[in-house]
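Residue 5 is where the sequence shown starts when you use this note's numbering, and the numbers rise one by one after that.
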Amino acid sequence: MTDRTSSEGKRAERRLGLLLIAPAALLMLAVTAYPICYAIWLSVQKYSFASPQDRRFVWFDNYITVLSDRYWWSALVVTLVITVISVLIELVLGLALALVMHRTLFGRAWCARRC
5 MTDRTSSEGK RAERRLGLLL IAPAALLMLA VTAYPICYAI WLSVQKYSFA
55 SPQDRRFVWF DNYITVLSDR YWWSALVVTL VITVISVLIE LVLGLALALV
105 MHRTLFGRAW CARRC
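Written as structure tokens, this is what we have:
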């Protein structure tokens, strides 16, 4: 009998947890999903700031234009190189600082006084 009662209690507690988190989850979904869907909707239209009322649905023509542009690919490569280099530098510096703070290595006393 107590197993059944504890099982029902766990189920009720889980249901309560889901009910309490539902408003926050729905709000987060609305705040993130709406802009993403709107951006996708705008990306398949031809739009001019000079005449905003003249929108035309062009499907994937904008994507074809961007993906066939060599300057876009060049900019993507530069962005990826900068990202990889900066992440590697941060990783090495962070790991070195963690090792200095954790083990008896060169610079631990200096770091303890200054950090």
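A virtual CB, placed ideally from N, CA and C, is assigned to each residue, including glycine.
For residue j and residue i, the rounded distance between their alpha carbons
{"i": "V48", "j": "M32", "result": "25 Å"}
{"i": "S55", "j": "F61", "result": "15 Å"}
{"i": "G13", "j": "L22", "result": "14 Å"}
{"i": "A16", "j": "I40", "result": "35 Å"}
{"i": "E94", "j": "A79", "result": "22 Å"}
{"i": "V96", "j": "L103", "result": "11 Å"}
{"i": "V85", "j": "A37", "result": "30 Å"}
{"i": "R19", "j": "W77", "result": "49 Å"}
Beta carbon proximity, residue i to chain E, threshold 8 Å
{"i": "S78", "result": "This model lacks chain E altogether, as it is built from one protein chain only."}
Check your understanding: Which residue spans inside the region 15-89 form an unbroken alpha helix (DSSP H) run of at least 4?
Key -> 65-71, all fully within the region 15-89.
Practice item. Could you say if the region 62-72 and the region 37-53 meet the contact criterion of at least three C-beta pairs nearer than 8 Å? Key: Flag = yes, the region 62-72 and the region 37-53 touch.
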